[in-house]
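S.K.: First to last, the sequence lines map onto chains S and V.
With my numbering, you'll find the first sequence wraps up at 76, consecutive numbering, no jumps.
With my numbering, you'll find the second sequence wraps up at 1228, consecutive numbering, no jumps.
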Amino acid sequence: MKYEIVVELKKEVLDAEGRAICQNLSSAGYSNLKSVEVSKRFILNLDSGMEDAKQIAEKFLANPVSQTCTVRQLDH
Amino acid sequence: MVAKYQQLKIGMIQFPGSNCDWDLIDAYQRHFGITVQVIWHQETDLPKLDGLLIPGGFSFGDFLRSGCLAAHSNIMASVKTYAKKGGAILGICNGFQVLTESHLLPGALIQNDCGTFVCRGLSLSPCEGDSGYHKLISDKDSLSIPVAHADGRYVIFGDERKKLLDQGQVLFSYEDNPNGSVDSIAGVVSENGRIVGMMPHPERATDLLMGSSEDGRIILKAFLESCF
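1. Taking the CB atoms as reference points, tell me whether GLU1110 of chain V and VAL13 of chain S lie closer together than 8 angstroms.
2. List the residues that DSSP assigns as beta-bridge partners of THR70 of chain S.
3. Among S:GLU51, S:LEU74 and S:VAL65, which residue has its Cα nearest to the Cα of VAL1182 of chain V?
4. Return the first residue and the last residue of the alpha helix (DSSP H) that LEU1099 of chain V is part of.
5. Taking beta-carbon pairs under 8 angstroms, can you tell me which members of the segment 1043–1067 of chain V lie near chain S?
6. Between the segment 1073–1090 of chain V and the segment 1112–1119 of chain V, do at least 3 Cβ pairs fall closer than 8 angstroms?
7. Please confirm if VAL65 of chain S has its CB atom under 8 angstroms from at least one CB of chain V.
8. Could you work out which residues of chain S lie near HIS1134 of chain V, taking near to mean beta carbons separated by less than 8 angstroms?
9. Would ILE1195 of chain V and LEU1105 of chain V qualify as a contact pair, given that the criterion is a beta-carbon distance under 8 angstroms?
10. Alpha carbon to alpha carbon, how far is ASP52 of chain S from PRO1126 of chain V? Give it in angstroms, no decimals.
11. Residues in the segment 9–31 of chain S with C-beta within 9 angstroms of chain V's C-beta atoms, listed in sequence order?
12. Since GLU1101 of chain V meets chain S, which of its residues come closer than 9 angstroms, beta carbon to beta carbon?
13. So which of V:ASN1112, V:ALA1108 and V:SER1184 has the shortest CA-CA distance to ILE1156 of chain V?
14. Going along chain S in order, which residues have a C-beta closer than 9 angstroms to the C-beta of GLY1180 of chain V?
15. So HIS1041 of chain V and PHE1015 of chain V are in contact, right, with Cβ under 8 angstroms, and what is the actual spacing, rounded?
16. Does VAL1242 of chain V come within less than 8 angstroms of chain S when only Cβ atoms are used?
17. So with Cβ pairs under 8 angstroms, would you call VAL1147 of chain V a contact of chain S?
18. Once you ignore the five residues that flank LEU1122 of chain V on each side, which residues in its own chain have a CB closer than 8 angstroms to its CB?
19. For a contact meaning CB atoms closer than 7 angstroms, what does VAL1155 of chain V contact in chain S?
20. In chain order, which alpha helix (DSSP H) runs of at least 4 residues are fully inside the segment 1059–1096 of chain V?
21. Tell me the DSSP secondary structure of GLY1197 of chain V in three-state form.
22. Under 8 angstroms by Cβ, that's how I've got PRO1047 of chain V and ASP1021 of chain V pegged, so tell me the actual separation to the nearest angstrom.
23. Strictly under 8 angstroms for the Cβ-Cβ distance: is HIS1072 of chain V near chain S by that measure?
Here's what the structure looks like:
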């Protein structure tokens, strides 16, 4: 079973990488660009179920102090 | 050199990508006459120690998050047991990141708000608190110790932040915040005062010939004092 995990910074935490990309794109002519948010996507190929995927996401792939994560199953 | 320190058994965890390990070994040998015992991350048991160091560097290439993979390496289960028994630990830079990722210290360290690697000497203001570290730096108005990091922005929110501040767990703050850390926090102490994490590098400020101050020695000494 495959699971997709997306980890992103909490909204209240400044995304320095996203801001730098946004500034760069703006100066490259994309003047309509308002912001960029960077996240990380993981695909887990797991023999076990959603519970394990969530545990891996919440205990390892994301740090709850600064990040949030979403987990979803990709196939059946 | 003070004879009482030379009886201490000090260990240091080494990860692939640790790169301030030998600076720390040299500083303790040169200024305190201590031979630091190196412990490879794949070991499962810690030897009998009076104090444990976690050095700076880029353990596991900073993959996933700085300090995260190191926090899940073999030796860390023993480090957590050691910490629960009140063991003394000093984590510097990447070592601080390993300690927060291991939940041995509160908060997290993320990418500098400026988005760049920051490598320069700067000044730290000692904060108020009851730990032995606080007492040893309290007579200084300012400590001059360099930083070198990309992920040094210390973040902590809500009740955790309030608790950290109320309990006097901030060891020192940056006078000129280089990375966007919450409350300019540069180093913190655990609730029991035995575990310290700091982004600045005291081992790089132990000799004037290194172009820095000697203020780092005060921190290295404070760690030794916490080992008794």
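Where a beta carbon is used, it is the ideal one built from N, C-alpha and C, also for glycine.
M.R.: Let's see:
1. Looking at the sequence provided, one finds Ile at residue 1110 of chain V rather than Glu. Yes, they are a contact pair.
2. S:VAL6
3. S:VAL65
4. 1094–1101
5. LEU1064 and ARG1065
6. no
7. yes
8. Correct list: empty, because the minimum Cβ distance to chain S is about 24 angstroms.
9. yes
10. 44 angstroms
11. LEU9, LYS10, GLU12, VAL13, LEU14, ASP15, ALA16, GLU17, ARG19 and ALA20
12. ASN63
13. V:ALA1108
14. LEU14 and ALA16
15. 5 angstroms
16. Lying before the first or after the last residue shown, residue 1242 of chain V is absent from chain V, which here runs from 1001 to 1228.
17. no
18. SER1144, ILE1145, PRO1146, VAL1147, TYR1174, GLU1175, ASP1176, PRO1178 and PRO1200
19. VAL13, VAL65 and SER66
20. 1068–1071 and 1076–1084
21. strand
22. 17 angstroms between Cβ atoms; not a contact.
23. yes
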